[in-house]
Every structure is written in C-alpha cells, then in structure tokens.
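Under our numbering, the first residue of the sequence shown is numbered 1, with each subsequent residue one higher. In this text, a Cβ means the ideal position worked out from N, Cα and C, and glycines have one as well. All figures in this text were calculated on a predicted structure; none of them were measured in a lab. Here's the structure, in structure tokens; my notes come after.
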Amino acid sequence: MLSPSVVARLRGEWEADSMRWQRRDLSARRYVYVWADGVYLQARMEPQAECMLVLIGATPEGRKELLGFQVGVRESAHSWRELLVDLKAHGLVVAPELVTGDGALGFWKALDEVSPTPRHQRCTLHKNVNVMDKLPKSVQPAAKSDLREVWNAPDRATAEAAIATFAEKYGAKYERAVTCLTKDQDALLTFYDFPAEHWDHLRTSNPIESVFATVRHRTVRTKGALSQDTARLMVFKLVMAAAKTWRRLKGENQLPKVVQGVTFHNGVEVTNTPAQSAA
C-alpha cells in the first residue's frame with residue numbers, strides 16, 4: 001500500500017510520462033479493431049459521475065495497445081468526442097474496421113460524427129446484463145441459457161433464429177427485456193462478418209474490463225491518498241504496466257485480410273469461384 005508521501009513523490013514522474021504519451025505521434029499507427037468503455041474505479045457510482053474513458057486498439061500484427069484514455073462522463077457524447085478529436089489531431093487518421101462497446105455509451109454518437117466508417121459491435125456481456133435487469137430473478141436462469149444460444153451460435157442465421165425464439169418465449173410477459181435485445185440485433189451480430197478466430201475478441205469489451213479488475217484492486221488500497229487527478233495518473237501507469245503482458249489476438253494471420261477488405265461470411269473468407277471471376 002502506497003502512503004500519501006510516496007504517492008506525492010511519484011506524481012510528478014507519472015504526470016511527465018502521461019503527457020509524453022498523450023502527445024505521441026500517431027500518424028504511422030493503424031488499428032484494425034478498437035474496444036471502448038467507460039470504467040468506474042468503484043463498483044457503483046451515480047450515472048453521470050466522471051469515470052475513465054478508455055480505448056484499446058488492436059494493431060495489424062495482433063498486438064493490443066492502450067489507444068485513448070481520459071477522465072470524462074461515460075454517457076456524454078461530448079466527452080468521447082474530445083477524446084476522438086484529440087487522437088485525430090495527433091495523427092490517427094485511418095479508422096478501424098470494427099469498434100466494440102456498450103450500447104449505453106455516449107461514444108457511438110461521437111464516433112459517427114468524428115469517424116463514421118467503422119462497423120459497430122455491441123458488447124454481448126453488457127447486453128446480457130441489461131436484458132437480465134428487465135426480468136424477474138425467477139426467470140433469469142432460463143433466460144441466460146437462452147441468450148447463450150444467441151451468443152454461441154455458429155452462424156448469423158442460427159443466432160437470428162435464437163433471438164426470434166427468445167422474443168416468442170418472453171415477449172408476452174417481458175416486453176421490455178425482448179425490446180432491449182432486439183433493438184440492437186444487427187449490431188450484436190456484426191462479428192459474423194469477421195474472421196471466426198477473432199469472434200471471442202470482438203463480441204465483448206472484456207479486454208478493457210479485465211484490465212481494470214486489477215486496477216481497481218490496486219487503487220482501492222490507496223484511495224485515501226488519491227485526489228481524482230492523482231488517481232487518473234496512477235491508473236494510467238497501472239494500465240501501461242499491464243499492457244506489457246497483454247496477449248496477442250488469436251488468428252493474427254487473418255488481420256491483414258481484414259485490413260485489405262477481404263469479405264468474410266459467418267467467419268469464413270469468401271473466395272470467388274472461377275465462374276464468378278469470369279463473370
């Protein structure tokens with residue numbers, strides 16, 4: 001556990017490191033996939049509370065990197081727009097192919113304004129929680145099992161059929177839960193248009209949440225010594241340290257194909273037959 005005096009001594013070093021990182025040149029960088037989330041250091045805070053807005057990107061070589069990081073309001077498009085515009089100002093002009101995040105984020109509106117080309121993937125873990133919140137506890141075990149049929153479906157058609165079954169099964173009594181699921185149906189199933197090796201990575205914003213599980217543990221133990229700004233700097237240093245151990249994406253050999261615009265259908269590369277090529 002860090003004492004207030006130790007934190008104060010380290011703060012200047014953290015600030016310098018953070019400023020260097022924020023000002024880095026991104027003109028030579030390219031990210032194929034990006035995950036977005038707003039993370040609170042405490043488990044429960046008021047809805048409009050400031051939190052850590054985080055972007056993690058996957059390079060064409062399959063490495064995951066901390067791409068964007070600042071304090072802001074999770075549901076605020078303005079907060080996310082500031083972060084996206086700052087990245088573009090530092091040279092990040094090539095948009096990712098796909099972005100994964102929770103549907104409640106103000107991020108999506110900001111993304112469409114600043115960089116409208118990436119495909120959207122809604123986080124299935126967040127959606128699972130949101131649907132469960134609209135069901136009584138007695139129904140939740142069966143509903144969770146039914147939703148697993150959606151998330152683990154081998155292809156889009158099977159997933160769509162599972163969603164239709166869920167709607168038929170629960171729609172009469174629990175319309176809000178069904179609407180929560182079906183309103184984002186297309187964005188929940190975008191991952192089927194990308195390599196199957198990447199599906200586990202793309203379906204959720206877990207790359208961010210798993211990092212912050214460790215960060216929360218470390219910062220909670222020093223919370224008495226932390227101002228909000230010092231907490232931000234400490235979180236930055238913890239995340240950058242964790243980044244050194246992040247695993248590469250599975251199926252990294254497929255990433256150049258995604259960059260080149262190769263079409264994938266239900267996770268499999270679409271190749272033209274000789275007859276199609278002649279036509």
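Between residue 215 and residue 249, the CB-CB gap reaches or exceeds 7 Å. Three or more Cβ pairs closer than 8 Å define a contact, and the segment 100-119 falls short of that threshold against the segment 144-153. Here the alpha carbon of residue 56 sits roughly 11 Å from the alpha carbon of residue 101.
The criterion of a C-beta distance shorter than 7 Å is not satisfied by residue 196 and residue 261.
Listed as beta-bridge partners of residue 70 by DSSP are 53.
Going by beta carbons, residue 120 and residue 187 fall inside the 7 Å limit.
DSSP, reduced to helix, strand and coil, places residue 212 within a helical segment of the structure shown. Per the coordinates, the alpha-carbon of residue 32 lies some 17 Å from the alpha-carbon of residue 122.
Around the beta carbon of residue 6, fewer than 16 other beta carbons sit within 10 angstroms, so the residue counts as exposed. Take residue 199, set aside five residues on each side of it, and the residues of its chain with a beta-carbon closer than 7 Å to its own are 191 and 267, in chain order.
Excluding sequence positions up to five before and after residue 95, its CB lies within less than 6 Å of the CB of 115, 117 and 118, all in the same chain and listed in chain order. Going by beta carbons, residue 140 and residue 163 fall outside the 7 Å limit.
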